[in-house]
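Every position in the sequence shown, counted from 1, becomes a number in the working numbering once 16 is added. Here is the structure we will look at.
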Amino acid sequence: MKLIKWIFAGIAAIAVLVVLYITLIFDPNDFKPMLVDAVKEQTGRDLVIEEPLSWQFFPSIGIRLAGVSLSNPEGFKEAHMMAVKEVVAEVKLLPLLSRDVQIDQLRLDGAKLTLVTTKQGKSSLDGLTGNTTSADKPADVKQGPGLNAISIGGINISDTSITLIDEAAGSSQTFTLSSLTLGEFTPGKAAPLAFAFGADLPDMKVKGEGEATLTVSEAFNALSLVGLNLEVNAQGNSLPKGAVTVEFAGGADVALEAKTAKLTVDKLTLMDIEGKGAIAANYGKKVPFVDVELAFGAIDVDAILGTEKSQTKADSTAPDTAQKEPDLSGMKAVDAKLKLDIAAVKVAGLSTADWALRANLAGGVLKVDELKASLYGGKVGASATLDGRKVPAVYSFNKAITGVQILPLLKDAAEVDLLAGTANFDIQGKGAGLLADNIKRNLNANGKFEVADGALYGVNVPQMIRDAQAKLKGDLNAAAGGEEKKTDFSSLTGSLNIAAGKANNPDLLMLSPLLRISGQGGADLMAETLDYKLATKVVGSLEGQGGDTALAGIEIPLAITGSFTEPKFALDTEALLKGQLKGETDKLKDKLKDSLFKKLGGNQ
17 MKLIKWIFAG IAAIAVLVVL YITLIFDPND FKPMLVDAVK EQTGRDLVIE
67 EPLSWQFFPS IGIRLAGVSL SNPEGFKEAH MMAVKEVVAE VKLLPLLSRD
117 VQIDQLRLDG AKLTLVTTKQ GKSSLDGLTG NTTSADKPAD VKQGPGLNAI
167 SIGGINISDT SITLIDEAAG SSQTFTLSSL TLGEFTPGKA APLAFAFGAD
217 LPDMKVKGEG EATLTVSEAF NALSLVGLNL EVNAQGNSLP KGAVTVEFAG
267 GADVALEAKT AKLTVDKLTL MDIEGKGAIA ANYGKKVPFV DVELAFGAID
317 VDAILGTEKS QTKADSTAPD TAQKEPDLSG MKAVDAKLKL DIAAVKVAGL
367 STADWALRAN LAGGVLKVDE LKASLYGGKV GASATLDGRK VPAVYSFNKA
417 ITGVQILPLL KDAAEVDLLA GTANFDIQGK GAGLLADNIK RNLNANGKFE
467 VADGALYGVN VPQMIRDAQA KLKGDLNAAA GGEEKKTDFS SLTGSLNIAA
517 GKANNPDLLM LSPLLRISGQ GGADLMAETL DYKLATKVVG SLEGQGGDTA
567 LAGIEIPLAI TGSFTEPKFA LDTEALLKGQ LKGETDKLKD KLKDSLFKKL
617 GGNQ
């Protein structure tokens with residue numbers, strides 16, 4: 017019995033001596049030259065450890081590195097690829113004997129990573145990654161018993177950054193993690209997390225901070241962030257009004273084995289836009305699937321961008337400088353389902369409400385099953401398909417507008433007061449190409465329209481007829497007398513077909529108690545010009561619009577030319593003269609008949 021006690025006492029004494037030797041006599045700095053030489057031999061880089069290595073063995077195994085740097089390859093302007101101010105790691109020793117890992121602390125301070133790509137295409141990472149062939153793969157190693165438990169007293173990362181330099185492009189981007197702290201962490205239990213980050217990009221600067229509660233499952237196959245609050249501020253000339261602030265509140269869940277993730281958006285504020293919803297993803301499928309469901313309040317794009325109407329109009333008519341169709345083949349990389357609701361949208365002066373979008377993306381084809389909104393007393397509804405598998409992309413659509421007050425819409429959208437009334441419009445079409453000119457050139461569509469109880473602005477057809485008739489009678493001073501230039505109507509209908517950049521309207525018909533205007537014409541979508549040949553027929557007294565004469569039955573050609581924004585109207589006065597002469601001739605014939613009958617003693 018005494019022998020056993022002496023044996024254990026001897027083992028304990030030896031252990032104490034080993035600990036004392038390691039902690040008091042053994043100097044890890046003796047290995048620094050060996051480590052530096054090994055790095056030089058393997059990579060050709062210079063490893064520098066400025067400060068002495070310090071470590072402890074009991075009660076915790078700990079090591080501290082400071083002033084560590086690794087050089088870039090020879091010939092690079094940036095001397096260091098990596099530099100670390102300080103690294104500290106401490107793990108309790110005795111719990112390791114029972115396969116419990118208790119990390120007292122992990123601290124990383126001042127880590128700087130600078131990755132350079134030279135004009136010749138060389139990279140800071142060249143020479144650091146070896147080539148691994150199938151023959152080099154290690155044999156399967158049987159896993160030993162797993163850990164019983166793991167805990168971390170805390171993680172602290174500060175003043176860390178990654179800088180990407182592209183010398184050929186002359187660009188530099190820096191991403192910083194100013195601070196990250198994780199409180200006492202044990203799997204299955206919640207731990208407080210806080211972080212601050214930033215980015216210095218060529219066209220903007222970004223700063224942000226956030227906090228959450230992190231929970232990792234005991235099996236390390238799932239994690240969740242609860243109470244995630246994030247605020248990001250960005251500044252740059254390319255941003256609306258030069259600055260953008262984003263505030264986020266919600267949470268996130270990731271299941272590593274199922275390969276699913278979900279982001280819950282309890283509140284999202286972007287400038288004056290507020291929204292909520294959820295984004296779920298399944299990244300374990302051959303083609304990842306994303307399910308997006310978001311709802312937003314009112315969005316005033318004009319206020320966000322600081323857009324003036326005149327500027328919007330000028331921009332909309334600017335030539336399309338892009339010469340290359342977008343390549344949408346990347347749409348095949350993900351499948352998605354989208355449900356988007358927006359309370360109201362104002363853009364380019366156009367006010368709309370109650371937006372609802374339902375769409376699916378699969379195999380590179382986007383299908384908009386439903387798109388609807390309310391605008392100017394009416395509704396708009398549409399469905400569409402966009403096939404991004406080809407270049408140029410091809411599309412088809414079906415659109416219907418019902419009960420829309422067209423005058424305020426035209427005024428808000430384009431500052432045009434050409435037409436008034438309640439409009440219904442149906443159109444179906446297809447085409448190829450997404451550049452503005454290609455849409456006009458390649459669109460093939462058919463539709464019909466109806467405008468009820470409206471007016472055509474810019475022309476007073478009854479007044480034009482009266483003025484022309486007065487001048488034909490010799491009254492050269494005849495004028496419109498200050499009457500408003502508009503032609504009222506009870507209905508305006510027609511059909512249209514679009515092909516090869518031309519819109520054809522073969523059956524325009526405008527009816528009113530005074531006039532009947534019918535005919536055909538069209539528009540050149542590329543040149544944005546009009547060309548209509550119409551027949552105007554007076555069917556009642558013109559007194560209804562300020563006239564004091566009756567020209568019932570006379571039919572006068574009316575031509576509409578000019579541009580979309582400045583149309584020109586012209587009556588064929590020669591036809592009016594012929595109609596008037598015919599009327600006078602008919603009256604003279606009637607008088608001659610009456611006179612002849614009287615002379616012959618007959619009755620008419």
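Backbone N, C-alpha and C fix where the C-beta goes; we use that ideal spot for every residue, glycine too. Here the structure is a predicted model, which is why all the values come from computation and not from measurement.
Item	Value
May I have a chain-ordered list of the beta strand (DSSP E) segments no shorter than 3 residues that lie completely inside the segment 277-312?	289-298
One question on the structure: do residue 311 and residue 283 come within less than 8 Å of each other, judged by their Cβ atoms?	no
May I have the straight-line CA-CA distance separating residue 276 from residue 296, to the nearest angstrom?	8 Å
Check whether the Cβ of residue 115 lies closer than 7 Å to any heavy atom of the ligand GDP, and answer yes or no.	The ligand GDP is not part of this structure, which contains no ligands at all.
Apart from the five residues just before and just after residue 237, which ones in its own chain have a Cβ nearer than 8 Å to its Cβ?	271, 272 and 273
Rounded to whole angstroms, what is the Cα-Cα separation between residue 227 and residue 212?	9 Å
Would you kindly check if the distance between the Cβ of residue 200 and the Cβ of residue 169 is under 8 Å?	yes
Does the Cβ-Cβ distance between residue 372 and residue 385 come in under 8 Å?	no
Quick check on DSSP: helix, strand or coil for residue 184?	coil
In whole angstroms, what separates the C-alpha of residue 411 from that of residue 387?	15 Å
Can the beta-carbon of residue 347 be found less than 8 Å from the beta-carbon of residue 366?	no
Hey, quick one: how far does the beta strand (DSSP E) through residue 409 stretch, first residue to last?	Here residue 409 belongs to no beta strand (DSSP E), and DSSP marks it neither H nor E.
Roughly how many whole angstroms lie between the Cα atoms of residue 353 and residue 415?	21 Å
Among all the DSSP beta bridges, which residues are the ones paired with residue 235?	Residue 235 pairs with nothing; no bridge assigned.
How many Å lie between residue 305 and residue 456 at the Cα?	34 Å
What residues match up with residue 506 in a beta bridge as DSSP calls it?	In DSSP, residue 506 forms no bridge with anything.
Which residues in the same chain as residue 250 place their Cβ atom closer than 6 Å to its Cβ, once the five residues preceding and following it in sequence are excluded?	220, 222 and 260
When you compare each of 527, 368 and 440 to residue 463 by their alpha carbons, which one comes out closest?	440
Rounded to whole angstroms, what is the Cα-Cα separation between residue 207 and residue 122?	15 Å
Please report the straight-line C-alpha distance between residue 621 and residue 587, rounded to a whole angstrom.	Because the chain here runs from 17 to 620, residue 621 falls outside it and cannot be looked at.
Quick one: residues in its chain with C-beta nearer than 6 Å to the C-beta of residue 360, no 5 flanking neighbours on either side, listed in chain order?	314 and 369
Taking just the CA atoms, how far does residue 534 sit from residue 561?	Confidence at residue 561 is low in this model, with a pLDDT of 46, below 50, so its placement is unreliable and no value can be given for it.
May I have a chain-ordered list of the alpha helix (DSSP H) segments no shorter than 4 residues that lie completely inside the segment 345-406?	none
Could you give the distance in angstroms between the alpha-carbon of residue 136 and the alpha-carbon of residue 184?	8 Å
Looking only at C-alpha atoms, which of 445, 105, 394 and 69 sits nearest to residue 514?	445
Whose C-beta lies closer than 6 Å to the C-beta of residue 286 among residues of the same chain, with five residues either side of it excluded?	262
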